[in-house]
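Okay, structure first, notes after.
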Amino acid sequence: MTVRVVLVDDHDLFRAGVRAQLGEGVEIVGEAASVADAVPLIRALDPDVVLLDVHLGDGSGDAVIVQVAPERPAVKFLALSVSDAPEDVIAVIRAGARGYVTKAISAAELTDAVRRIADGDAVFSPRLAGFVLDAFRTGEATAADPELDQLTAREREVLQLIARGYRYKEIAARLHLSPRTVESHVSAVLRKLQLSSRHELTRWAAERRLI
Amino acid sequence: MRIPAVERTGGDGAVVAGVCAGLARVLSVDATFVRLLFALLAFASGAGIVAYVGAWALLPAADAAVPVRRRRVVGTVLLVWSGIIALSGLGLSNSVVWPLLIVGAGAVLLRRESRLAGIALVVVGIVVFVSSNDGGSATSLLTPGAVAVAFVVIAGPWAYRLANERARAEERADMAARVHDSVLQTLTLIQRDPADARRLARRQERELRSWLYPSVATGTLADAVDRAAAEIEELHGVRVEVVHAGDAPLDERTQALVLAAREAMANAARHAGADEISVFVEPTAVYVRDRGRGFDLGAVGADRQGVAESIRGRMERVGGTARIVTAPGEGTDVELALARRLDGAPKAEGPASPPTEQQT
């Protein structure tokens with residue numbers, strides 16, 4: 765089955781590069797360069813996956829998710845960025861993106877990430893894993909739901925290996941788990957990241973704000 | 015120039031109508047101080063009270079719409095009135111108060127679009143001031159002083175705007191120079207020698223990043239590892255991706271950690287044949303991983319300086335450990351860890367792994 769992808773990025777050159785390089789089984793059905801163009805386009809095309817730049821000319825990527833997601837809950841978003849600024853990344857993930865990768869990612873890895881997102885998995889780049897570990901590092905569970913506010917030892921282990929540059933398959937081999945289990949740990953972390961109300965997340969991102 | 019919006023605070027911040035608390039918040043001073051000022055002014059023939067009522071009429075309540083026009087006009091008139099009362103109360107004669115009022119009105123008009131009317135009012139104010147104070151011995155000082163005040167009132171905003179524009183233009187020139195020195199030069203170099211494009215582009219990326227987002231923390235573990243990674247990239251033309259989760263100050267122990275990590279990166283760049291090295295930094299550990307050839311640990315002579323001395327020896331001397339996991343074709347993973355301190359920083363331990371490993 766071919767994964768239908770809409771590509772939202774305000775740089776023509778970057779869009780052209782992705783279009784030329786995305787591999788087998790992934791088809792770009794539409795492109796947009798701004799929030800204003802992207803929202804109606806995604807509504808009309810109803811793609812499987814949206815590749816979404818964190819920074820767009822007329823706003824940020826999370827604005828697209830917020831406007832589209834209520835009507836098109838099946839559309840999955842994968843955030844792309846060169847900025848690596850923690851507050852941007854955390855914002856787009858908390859808006860509902862299923863993963864985050866940097867634009868330096870190789871074409872093969874991007875293709876793989878799009879397929880995994882389409883299957884309902886979560887995709888964490890090493891950098892995002894580092895952010896999450898850092899944000900969840902300190903402090904006790906503070907909010908009403910402690911289960912959402914802390915990572916389990918296993919989740920921490922998986923994230924640490926992702927941050928160290930391991931792929932899911934390698935992590936599974938190293939931890940003697942099935943790839944499916946590794947995947948479910950990552951999805952659990954994503955859920956905590958999106959739903960946790962712990963204020964450390966926001967404060968942490970703000971403190972690391974790059975000016 | 016934008017004046018921050020003043021709002022009356024409602025609810026618990028307010029004592030009467032929230033005027034003082036609202037002003038205090040915008041001026042970022044204590045509300046008691048503002049209240050005291052109004053109270054003192056109230057003694058000056060009641061100016062404080064009039065001013066308070068004027069401000070109440072003029073200022074919007076928090077989260078409410080701007081008051082209607084008539085209310086704003088009334089508020090302004092009351093404020094001006096309180097000003098006159100206060101100045102008279104301070105013992106200034108009418109010959110000072112009225113010119114001040116006219117000049118003030120002129121200054122307000124100047125900031126709006128009716129510039130000519132503004133200038134005219136300022137000039138009239140000065141003339142009234144000079145003529146009504148004429149006859150005293152101070153005239154010879156008064157006239158030039160008044161003209162100077164008029165000049166500042168009229169030319170001040172204009173000079174301010176001009177300085178602002180110049181600052182912006184300088185910023186633009188600085189940006190252009192930077193782009194020329196770095197980006198354009200790099201593009202030129204790439205056209206001349208495309209084989210070098212990757213290394214040049216990577217270096218350019220680093221330079222631009224450090225200029226656009228100057229790192230706040232310097233002299234820390236993460237910062238030192240970043241710099242070591244940049245050096246390795248520069249020397250060997252391999253991409254080194256550094257990911258952080260937490261940081262630590264540089265001391266003897268973390269310094270050793272940085273140097274050992276640098277050696278591990280250098281080994282990976284020289285021998286692994288991979289085009290990317292992943293580095294992960296935690297407060298008490300650094301991990302260096304590549305997906306290159308790997309090697310047979312047992313076959314490396316114990317005398318090999320790199321692994322034995324620069325990595326293991328260094329870590330052991332500061333009470334840390336170096337664990338190297340590798341096998342031919344498996345890539346290499348170097349785990350450098352300091353003994354955990356007693357501050358309870360959590361650190362996940364990687365369990366044993368399938369390929370050969372050797373622990374020190």
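These protein sequence lines map, in sequence, to chains A and B. For reference, each letter of the first sequence is one residue, going 765 to 975 in my numbering. For reference, each letter of the second sequence is one residue, going 15 to 374 in my numbering. Don't be surprised by glycine CBs; every beta carbon is placed ideally from N, CA and C.
- If you check the CB distance, Glu255(B) and Ser224(B) do not come in under 7 Å.
- A residue is called buried when at least 16 other Cβ atoms come within 10 angstroms of its Cβ; Leu198(B) does not meet this threshold and is exposed.
- Closest in alpha carbon position to Ala278(B), among Ala259(B), Asp304(B) and Arg253(B), is Asp304(B).
- In this chain, Phe52(B) is not harboured by any beta strand (DSSP E); it is covered by the alpha helix (DSSP H) spanning Ala45 to Phe57.
- Cβ contact annotation for Gly823(A) (same chain, cutoff 6 Å, sequence separation greater than five): Val799, in chain order.
- For Tyr301(B), the uninterrupted beta strand (DSSP E) run begins and ends at Ala299 to Asp304, by DSSP.
- For the set Val790(A), Val922(A), Phe900(A) and Glu795(A), the Cα lying nearest the Cα of Ala780(A) is the one of Glu795(A).
- Using beta-carbon distances, Pro890(A) counts as an interface residue toward chain B, with a partner under 7 Å.
- Taking CB atoms only, Asp898(A) has a neighbour in chain B less than 7 Å away.
- His940(A) counts as exposed, since fewer than 16 other C-beta atoms from the protein chains shown sit within 10 angstroms of its C-beta.
- Interface flag for Ala259(B) against chain A is set, since a Cβ pair is found closer than 7 Å.
- Chain-ordered listing is empty here: chain B has no CB closer than 7 Å to the CB of Gly787(A), the nearest sitting near 19 Å.
- Using a CB distance cut-off of 7 Å, Phe309(B) does not count as an interface residue toward chain A.
- In this structure, DSSP gives Ile829(A) a helical state, which the three-state scheme calls helix.
- Its Cα nearest to that of Gly894(A), the residue Val922(A) stands out among Phe778(A), Val793(A) and Val922(A).
- A straight line joining the alpha-carbon of Val803(A) with that of Ile829(A) spans about 8 Å.
- Listed in chain order, the positions of the segment 287–301 of chain B with a beta carbon within less than 7 Å of a beta carbon of chain A are Ser292, Phe294 and Tyr301.
- The beta carbon of Gln785(A) sits closer than 6 Å to the beta carbons of Ala871 from its chain, once the five residues preceding and following it are set aside; these are given in chain order.
- Per DSSP, reduced to three states, the secondary structure at Gly32(B) is coil, with no helix or strand assignment.
- For Arg768(A), the enclosing beta strand (DSSP E) begins and ends at Val767 to Val772.
- Put simply, the backbone Cα of Val769(A) is about 10 Å away from that of Ile806(A).
- Per DSSP, Phe900(A) has no beta bridge partner at all.
- Of Pro890(A), Arg944(A), Ser942(A) and Ala886(A), the smallest CA-CA separation from Arg955(A) is found for Ala886(A).
- Here Arg84(B) is not near Leu72(B), since their CB atoms are 7 Å or more apart.
- The CB of Arg303(B) comes closer than 9 Å to the CB of Arg928, Gly929 and Tyr930 in chain A, given here in chain order.
- In the three-state reduction of the DSSP assignment, Arg216(B) falls in the helix class, which pools H, G and I.
- Scanning chain A for C-beta atoms nearer than 9 Å to the C-beta of Glu255(B) yields Thr866, Ala868, Pro890, Arg891 and Gly929, reported in chain order.
- Distances from the CA of Phe841(A) to each of Glu851(A), Ala849(A) and Val865(A) were compared; the closest alpha carbon is that of Val865(A).
- Ala899(A) and Ser196(B) have their alpha carbons spaced roughly 34 Å apart.
- Cβ-Cβ distances below 6 Å link Gly345(B) to Asp304, Arg305, Gly306 and Gly308 in the same chain, with the five nearest sequence neighbours on each side left out; the list follows chain order.
- Chain-order list of chain B residues neighbouring Arg944(A): empty, with the shortest C-beta distance near 19 Å, by a criterion of under 9 Å.
- DSSP places Asp347(B) inside the beta strand (DSSP E), whose first and last residues are Thr346 to Leu352.
- The three-state secondary structure of Gly894(A), taken from DSSP, is helix.
- Residue environment analysis places His949(A) among the buried positions, since at least 16 neighbouring C-beta atoms fall within 10 angstroms of its C-beta.
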